[in-house]
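Structure record follows, encoded as structure tokens.
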Amino acid sequence: MVVRYIVILAVVAALLPIAVPWLGFVFTLAVGIGLAALGVAMLLRGGLISIGHALYFAVGAYAVAFLMRDAGVHDLLVLFAGATIITAAVGFLVGAFMVRYRAIFFAMLNLAISMVFFTLLSKLYYVTGGTDGLAVATPTVLGMQLSRGAFDVVMQNAALILMVAAALLIDRYLKSPLGEALGAIHTNEVRLEYLGVSARGVIWAAYTVSAGLAGLGGAITAVTIGHVVPELSYWTVSGQLVLVAVLGGIGGVPGAFIGAFFLELVRTFAVGIAGEVWNAIIGISLLIVIFFLPEGLYGLIQRLERRRTNPK
Amino acid sequence: MIANYLPLIVDGLADAALIFFVAVGLTLVFSVVRILNVAHGSFYAFGAYLSVVIGTIFAGRGWPLLSLTALVISPLLVALAFGPLIERTLLRWTYGRPEALQILVTFGLFLVLEDLQKLVFGVQPYSQDLPMQLLGTSRIGGIVYLNYQLLLIVLALVVGVSLRLLLKKSRIGKSISAVVADEELARTIGIDAPRVFMLAFSVGVFLAALGGALASPTIGVAPGLGAEIIVLAFAVAAIGGLGQIEGAALASILIGFTRVAAIYFAPEFQPVVPYLVMVAVLIVRPYGLFGSIGLRRI
């Protein structure tokens with residue numbers, strides 16, 4: 002079921018831009034946000050809310066900028082791999098502290114660390130470009146230097162392929178014993194420990210993976226926009242990521258991506274029609290989803306699907 | 186010796202006072218309603234905008250002294266307009282639900298309030314430093330201080346002490362403490378818990394808006410103000426221990442002084458200081474300097 006939904010989403014997202022070219026850009030950004038939101042959704046399964054995951058989103062984005070500027074790396078795939086590994090490593094280190102915290106304290110510590118990072122990004126002008134941020138040049142693809150137009154098309158499809166690959170991998174992970182244990186932390190952590198499973202180990206693994214996902218999302222965003230700014234790590238971005246995860250639904254991997262595509266499309270249309278109130282529109286749709294669709298958009302799709310396959 | 190550091194101390198305490206109003210509101214709401222209110226900063230912003238607008242109207246009519254009253258009128262208006270309404274509708278629904286959901290509901294509220302604020306007040310920055318000019322300056326030991334700063338310090342003391350007295354001595358305060366300690370038991374002896382929640386939340390909104398109103402003469406009021414102040418309030422509340430009034434007071438002083446010290450010695454790193462302190466405290470004492478694990482009291 003997961004495979005089907007994610008492939009349908011990818012195929013639609015690949016075909017639509019042929020008719021409406023500017024949608025390609027919107028969809029690429031949606032994949033970037035969706036990957037980060039998937040990381041947040043994983044933690045939410047364990048009952049852990051991070052209002053600081055924009056940290057990893059920004060680490061991934063800045064990793065791309067630094068790898069290009071300081072390490073002379075220009076190939077798209079190497080950049081993505083590098084950014085993901087660097088971010089996962091940061092997540093691994095920070096996670097060593099995070100595993101001790103639950104509930105509100107987990108949320109607060111994540112927030113605090115992301116805000117430290119945000120202010121450092123804004124203030125260390127000679128390293129990070131300060132509030133101006135850093136420009137990200139168009140990377141090469143497998144050694145070929147493409148024009149911006151051709152690169153954008155390649156990037157769109159690469160993002161969608163990454164989305165499908167990440168979705169399948171994370172789906173396998175969530176259905177493995179390590180992933181199932183994550184849900185058990187939410188329901189009964191003590192019982193999990195009695196089973197001989199280390200709750201901290203389970204969270205540490207999930208935290209590292211979720212950081213890596215957010216980093217990849219940030220890398221895609223950096224390359225697509227061509228510029229990185231400190232605001233990528235601001236707490237409102239973290240809030241948006243949680244919002245996307247819950248809007249889409251944390252019951253399954255496709256949820257995060259459905260939420261991201263929904264958010265980006267609403268944002269795109271709202272800016273055209275009612276630019277001043279698009280945040281309010283997003284906020285109200287979030288409240289509606291929380292009140293009436295506790296399982297998110299993906300939960301709604303699943304419910305409709307069940308009704309279709311076995312009508313009462 | 187002390188005289189040399191007096192300006193630093195006054196600056197630090199005035200800064201602490203401004204953070205204290207908003208942080209103590211956040212911590213009060215958390216201790217009673219058990220919700221970490223992400224939209225708390227938006228009330229601060231509304232308070233700031235409204236007091237600038239009302240103050241400017243009074244000044245325009247030729248009653249400059251009345252613009253001082255705007256500093257109190259506007260938080261009252263904000264608290265009356267938002268407090269009961271939001272508690273009765275949105276928050277009441279989230280009681281007893283998972284924390285992730287509660288935080289998200291207030292985040293949704295934050296997004297809505299941010300845009301509402303832009304619709305009402307526009308996106309251009311406002312400034313109104315009339316209250317600061319009206320109060321003038323005083324000279325202590327050869328150094329000139331703004332009376333407004335001194336007023337802030339006194340007001341913070343008054344608010345802190347009266348909040349404590351209200352909770353300890355008054356009937357309604359005792360009801361609040363009872364509900365915090367054990368809601369079920371409080372209900373059985375006839376305390377109207379829903380009313381207590383509404384009242385406590387509205388007082389929290391008032392304190393946030395009061396912080397914004399009092400800060401408005403010292404800053405430019407522009408979009409993004411609420412988002413900025415809420416993380417600072419989180420930091421202070423977390424350092425002091427969520428739900429601890431005295432903790433919030435001491436954490437405000439700590440943050441106020443470290444911020445001012447940073448401005449004197451390494452100005453470009455002033456914004457990072459509160460969060461560094463927050464990380465340090467949370468790693469050593471996750472429940473904050475004054476928080477405790479099991480015990481619930483206010």
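Chains as they are written, first to last, in the working numbering: chain G, 2 to 313; chain Y, 186 to 483. All C-beta atoms in this analysis are idealised placements derived from N, C-alpha and C, irrespective of residue type, glycine included.
What does the Cβ neighbour count give for Asp153 (chain G), buried or exposed, with the cut at 16 atoms within 10 Å? As a first step, residue 153 (chain G) must be located in the first sequence, where it is residue number 152. By the 10 Å Cβ count, Asp153 (chain G) comes out buried.
Beta carbon of Val165 (chain G), beta carbon of Leu183 (chain G): below 8 Å? Within the first sequence, numbered from 1, the residue matching residue 165 (chain G) stands at position 164. Within the first sequence, numbered from 1, the residue matching residue 183 (chain G) stands at position 182. Cβ atoms of Val165 (chain G) and Leu183 (chain G): not closer than 8 Å.
Got a sec? Which residues, its chain only, sit under 7 Å from Tyr333 (chain Y) by beta carbon, not counting five neighbours each side? Stepping through the second sequence from its first residue, residue 333 (chain Y) is reached at position 148. Same-chain partners within the cutoff: Pro316, Met317, Leu320, Pro402.
For Gly134 (chain G), tell me which candidate among G:Ala223, G:Gly273, G:Glu265, G:Leu36 has the shortest Cα-Cα distance. Here residue 134 (chain G) is taken as the residue at index 133 of the first sequence, counted from 1. Closest by alpha carbon: G:Ala223.
Within 9 Å of chain Y by C-beta, residues of the segment 28-51 of chain G in sequence order: Leu45, Gly48, Leu49, Ile50
Can you confirm whether Val278 (chain G), when its beta carbon is compared against all beta carbons of chain Y, has any partner nearer than 8 Å? For the purposes of this step, residue 278 (chain G) is taken as the residue at position 277 of the first sequence. For Val278 (chain G), the answer is yes, since a Cβ of chain Y falls inside 8 Å of its Cβ.
Inspect the beta-carbon positions of Met69 (chain G) and Val137 (chain G) and report whether they are closer than 8 Å. What you label residue 69 (chain G) is simply residue 68 of the first sequence in a count that begins at 1. What you label residue 137 (chain G) is simply residue 136 of the first sequence in a count that begins at 1. Taking 8 Å as the Cβ cut-off, Met69 (chain G) and Val137 (chain G) qualify as a contacting pair.
For the alpha helix (DSSP H) holding Ile468 (chain Y), just list the boundary residues, first then last. In the second sequence, the residue the question calls residue 468 (chain Y) occupies position 283. Per DSSP, Ile468 (chain Y) belongs to the alpha helix (DSSP H) from 458-469.
Given that a residue counts as buried once 16 or more other Cβ atoms are within 10 Å of its Cβ, and exposed if not, what is Arg308 (chain G)? For this step, residue 308 (chain G) is matched to residue 307 along the first sequence. Arg308 (chain G) counts as exposed, since fewer than 16 other C-beta atoms from the protein chains shown sit within 10 angstroms of its C-beta.
Please classify Leu331 (chain Y): does DSSP put it in a helix, a strand, or coil? Here the question's residue 331 (chain Y) lines up with position 146 in the second sequence. Of the three classes helix, strand and coil, the one that applies to Leu331 (chain Y) here is strand, per DSSP.
Have a look at the DSSP bridge pairing and note the partners of Thr141 (chain G). Taking the first sequence and counting its residues from 1, the one referred to as residue 141 (chain G) is at position 140. Answer by DSSP bridge pairing, in chain order: G:Asp76.
Suppose the cutoff is 7 Å on Cβ atoms and the five residues either side in sequence are ignored; what does the same chain contact list for Thr209 (chain G) look like? Start at 1 with the first residue of the first sequence, and residue 209 (chain G) comes out as number 208. Excluding positions up to five away in sequence, the list reads Ala89, Gly92, Phe93, Gly96.
Would you say Val95 (chain G) touches the ligand PLP, meaning its beta carbon is less than 7 Å from a heavy atom? The ligand PLP is absent from the structure shown, which contains no ligands of any kind.
Start and end residues, beta strand (DSSP E) containing Ser323 (chain Y): As a working note, residue 323 (chain Y) is residue 138 in the second sequence. Run containing Ser323 (chain Y): 322-325, per the beta strand (DSSP E) assignment.
Run of the alpha helix (DSSP H) containing Val245 (chain G), from where it starts to where it stops: Here residue 245 (chain G) refers to the residue found at position 244 when the first sequence is read from its first residue. Per DSSP, Val245 (chain G) belongs to the alpha helix (DSSP H) from 236-249.
Are the C-beta atoms of Gly256 (chain G) and some chain Y residue less than 8 Å apart? Residue mapping note: residue 256 (chain G) aligns to position 255 of the first sequence, counting from 1. Not an interface residue.
Taking all protein chains shown into account, do 16 or more other C-beta atoms lie within 10 angstroms of the C-beta of Asn111 (chain G), making it buried, or fewer, making it exposed? Counting from one through the first sequence, the residue named residue 111 (chain G) turns up at place 110. Buried, because 16 or more other Cβ atoms sit within 10 Å of the Cβ of Asn111 (chain G).
Exposed or buried, what is Arg101 (chain G) when buried is set at 16 or more other beta-carbons lying within 10 Å of its beta-carbon? By one-based count along the first sequence, residue 101 (chain G) stands at place 100. Under this definition Arg101 (chain G) is an exposed residue.
Own chain partners of Val87 (chain G) with C-beta closer than 6 Å, once the 5 adjacent residues on each side are dropped: In the first sequence, counting from the first residue as 1, residue 87 (chain G) sits at position 86. Checking the sequence, you will find Ile at residue 87 (chain G) rather than Val. Excluding five sequence positions before and after Ile87 (chain G), the CB atoms of its chain that fall closer than 6 Å to its own CB belong to Ala64, given in chain order.
Rounded separation between Gly247 (chain Y) and Ala255 (chain Y) - CA only: Working through the second sequence from its first residue, we reach residue 247 (chain Y) at position 62. Working through the second sequence from its first residue, we reach residue 255 (chain Y) at position 70. Rounded to whole angstroms, Gly247 (chain Y) to Ala255 (chain Y) spans 14 Å at the Cα level.
Sort G:Gly213, G:Ser148, G:Phe118 by Cα distance to Thr139 (chain G) and report the nearest one. To locate residue 139 (chain G), count along the first sequence from 1; it is residue 138. Ranking the options by Cα distance to Thr139 (chain G), first place goes to G:Ser148.
Roughly how far, in whole angstroms, is the beta-carbon of Glu296 (chain G) from the beta-carbon of Gly260 (chain G), given that I think they are within contact range, below 8 Å? Indexing the first sequence from 1 puts residue 296 (chain G) at position 295. Indexing the first sequence from 1 puts residue 260 (chain G) at position 259. Wrong, their Cβ atoms sit about 12 Å apart, outside the cutoff.
Compare the C-beta of Tyr140 (chain Y) with all C-beta atoms of chain G and state if any pair is closer than 8 Å. Outside the displayed span of chain Y (186 to 483) sits residue 140 (chain Y), for which this structure offers no information.
At 3 residues or longer, what runs of the beta strand (DSSP E) sit wholly inside the segment 268-292 of chain G? Not a single unbroken stretch of the beta strand (DSSP E) spanning 3 or more residues falls wholly within the segment 268-292 of chain G.
Leaving out the 5 sequence neighbours to the left and right, which residues in its chain are closer than 7 Å to Phe386 (chain Y) when beta-carbon positions are compared? Against the second sequence, residue 386 (chain Y) aligns to sequence position 201. Only Val214, Val218, Gly268, Glu272, Leu276 meet the Cβ criterion.
If we call anything under 8 Å between Cβ atoms a contact, is Gly53 (chain G) one with Ser115 (chain G)? On the first sequence, residue 53 (chain G) is found 52 positions in, with the first residue counted as 1. On the first sequence, residue 115 (chain G) is found 114 positions in, with the first residue counted as 1. Contact flag set, yes.
I'd like to check one pair, Pro459 (chain Y) with Ala422 (chain Y): are the Cβ atoms closer than 8 Å? Translated into positions along the second sequence, residue 422 (chain Y) becomes position 237. Translated into positions along the second sequence, residue 459 (chain Y) becomes position 274. No, they are not a contact pair.
Proximity test, Cβ basis, 8 Å: Gly425 (chain Y) and chain G: Taking the first residue of the second sequence as 1, we reach residue 425 (chain Y) at position 240. Interface annotation, Gly425 (chain Y): not in contact with chain G, CB-CB separation never under 8 Å.
Counting beta carbon pairs with one atom in the segment 16-27 of chain G and one in the segment 162-181 of chain G, are three or more of them shorter than 8 Å? no
For Val238 (chain G), which residues in the same chain have their Cβ closer than 6 Å to its Cβ, ignoring the five residues on either side in sequence? Against the first sequence, residue 238 (chain G) aligns to sequence position 237. Same-chain partners within the cutoff: Ala55.
List the residues of chain Y whose Cβ lies closer than 9 Å to the Cβ of Val267 (chain G), in chain order. The sequence position of residue 267 (chain G) within the first sequence is 266, counting from 1. Neighbours of Val267 (chain G) on chain Y: none; closest Cβ ~12 Å, over 9 Å.
List the whole-angstrom C-beta distance separating Ala393 (chain Y) from Tyr229 (chain Y), where the pair is believed to meet the contact cut-off of C-beta under 8 Å. Counted from its first residue, the second sequence places residue 393 (chain Y) at position 208. Counted from its first residue, the second sequence places residue 229 (chain Y) at position 44. The pair is a contact, with the Cβ atoms about 5 Å apart (cut-off 8 Å).
Between which two residues does the alpha helix (DSSP H) harbouring Asn111 (chain G) extend? Against the first sequence, residue 111 (chain G) aligns to sequence position 110. Asn111 (chain G) -> alpha helix (DSSP H) spans 104-124.
Assign Pro178 (chain G) to one of two classes, buried (16 or more other C-beta atoms within 10 Å of its C-beta) or exposed (fewer than that). Numbered from 1 along the first sequence, position 177 holds the residue referred to as residue 178 (chain G). It counts as exposed.
Kindly provide the ranges of any alpha helix (DSSP H) runs that are 4 or more residues long and lie completely inside the segment 31-90 of chain G, ordered along the chain. 55-71
DSSP three-state call for Ala136 (chain G): helix, strand or coil? The residue labelled residue 136 (chain G) in the question sits at position 135 within the first sequence. Secondary structure of Ala136 (chain G) (DSSP, three-state): strand.
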